[in-house]
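Notes follow the structure.
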Amino acid sequence: MSTNPERRGMHDMGGDPDHRWSGPVPRAEHVLAPWEKEVDAIRTLLGRKGLQTADELRLGIESLSGEDYARLSYYERWLRSVVHTMEVKGILKPGAHAAKVAELKARRP
Amino acid sequence: MPHDGHDHHHDHQHDHAPPPDDPSFSSDQALGARALRLLLEEAGVLEPGEVARQIDRMDGITPSMGASVVARAWVDPAFRKRLIETPVAACTEMGIDLQGTHLHVVENTASVHNVIVCTLCSCYPKPLLGIPPDWYKSYEYRARAVIEPRAVLAEFGVAIPDSVEVRVHDSTADLRYLVLPARPQGTEGWSEEKLAAIVTRDSMIGTAIPKA
Chain A
118 MSTNPERRGM HDMGGDPDHR WSGPVPRAEH VLAPWEKEVD AIRTLLGRKG
168 LQTADELRLG IESLSGEDYA RLSYYERWLR SVVHTMEVKG ILKPGAHAAK
218 VAELKARRP
Chain B
44 MPHDGHDHHH DHQHDHAPPP DDPSFSSDQA LGARALRLLL EEAGVLEPGE
94 VARQIDRMDG ITPSMGASVV ARAWVDPAFR KRLIETPVAA CTEMGIDLQG
144 THLHVVENTA SVHNVIVCTL CSCYPKPLLG IPPDWYKSYE YRARAVIEPR
194 AVLAEFGVAI PDSVEVRVHD STADLRYLVL PARPQGTEGW SEEKLAAIVT
244 RDSMIGTAIP KA
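Chains as they are written, first to last, in this note's numbering: chain A, 118 to 226; chain B, 44 to 255.
See the structure below:
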């Protein structure tokens with residue numbers, strides 16, 4: 118984490134002051150995988166139910182370390198943010214998601 | 044795949060094959076998504092089947108919905124005025140629910156070309172255009188659209204004359220934009236349906252111009 122309060126967060130890319138993203142805009146498009154649609158749908162439903170506002174989604178994404186932000190894919194960042202918000206709100210116990218993933222992984226063929 | 048000559052092995056492999064409808068079901072990401080859905084269903088926050096229904100709903104939202112709104116605005120000046128002044132009501136007229144999205148419609152004219160970006164994330168008029176394209180979410184588009192929009196547009200094959208002002212609109216969690224492209228010359232007398240067919244997704248983001 119940066120100790121300089123004037124330094125922008127990783128997400129704050131507009132204007133590209135550090136010239137990190139000056140290359141051509143990548144134009145390849147992919148069809149969303151089923152799991153990506155699932156994350157999108159979960160997030161939309163939580164928003165509609167008032168359990169995670171768009172600002173809360175953004176806060177969860179923007180609180181990721183710069184390393185994670187760069188490493189994770191778009192919907193992986195969303196997933197991390199939703200889990201974070203649900204933990205903060207006491208809907209999920211901390212660690213419950215990781216435990217469920219491990220449980221599913223153990224049953225994976 | 045190595046072949047050991049025991050053809051009967053092939054029969055057993057079917058037991059371990061992933062369901063054909065979901066090739067990514069066993070990826071770590073897929074497990075992460077499924078774990079979240081199951082936990083939220085167990086917590087009573089989501090009903091079983093609710094996520095699948097929302098996926099179907101989202102699959103049904105395509106840029107053709109935005110295109111139908113644009114085409115109506117091109118043929119009906121009173122609708123065009125309502126779309127700009129009261130976009131939620133105008134979309135409701137067309138049977139499109141903006142789902143609480145605050146929409147601002149920006150109109151391209153002979154002197155202004157509008158482009159939409161979300162520098163901080165990927166805010167987008169999803170109820171009208173569906174899921175944003177990958178390039179809209181790319182770091183390069185987010186970083187550069189606000190500082191060198193003409194160069195970015197050139198990459199999309201759009202050349203804006205120097206005499207035309209380029210306005211870039213940075214979306215937020217609370218405010219989404221839709222570009223109302225200019226109706227191209229040579230479309231006089233076209234039906235609304237025929238007009239809608241030339242209104243591309245990118246033209247409603249500002250990175251393309253409809254062509255007759």
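Heads up, the beta-carbon is just placed ideally off N, CA and C, and yes, glycines get one too.
- Our two residues, B/H212 and B/E231, have alpha carbons roughly 30 Å apart in a direct line.
- Against chain B, the beta carbon of A/L149 has neighbours under 7 Å at I174, listed in chain order.
- Taking a contact to require three or more Cβ pairs closer than 8 Å, the stretch 163–177 of chain B and the stretch 100–107 of chain B qualify as touching.
- Contacts between A/R144 and chain B, judged by CB atoms closer than 7 Å, involve W178 in chain order.
- A distance of 9 Å or more separates the beta carbons of A/L149 and A/T202.
- For B/S70, the chain A residues whose Cβ falls inside 9 Å of its Cβ are A150 and W152, in order along the chain.
- Membership of A/L176 in the alpha helix (DSSP H) is indicated by the continuous run A171 to E179.
- Proximity of the stretch 174–186 of chain B to the stretch 111–125 of chain B falls short of the contact definition, fewer than three beta-carbon pairs being nearer than 8 Å.
- Using a CB distance below 7 Å, the part of the stretch 180–203 of chain B facing chain A consists of K180, S181, Y182, E183, Y184, R185, A186, R187, V189, I190, V195 and E198, ordered along the chain.
- Closer than 9 Å to the CB of A/S180 there is not a single CB belonging to chain B.
- In the DSSP annotation of this structure, the continuous segment of the beta strand (DSSP E) that includes B/I159 starts and ends at V155 to V160.
- Each of B/G249, B/A255, B/K254 and B/S165 was checked against the Cα of B/V158, and the nearest Cα belongs to B/G249.
- The stretch 77–159 of chain B contains, as complete alpha helix (DSSP H) runs of 4+ residues, the segments 93–102, 106–118, 120–128 and 130–136 (chain order).
- Judged by DSSP in its simplified three-state form, A/D133 adopts coil rather than helix or strand.
- The residue among B/V88, B/I190, B/K237 and B/V207 with its C-alpha nearest the C-alpha of B/T162 is B/I190.
- Looking at B/Y179, B/L146 and B/V149, the one whose alpha-carbon comes closest to that of B/V160 is B/Y179.
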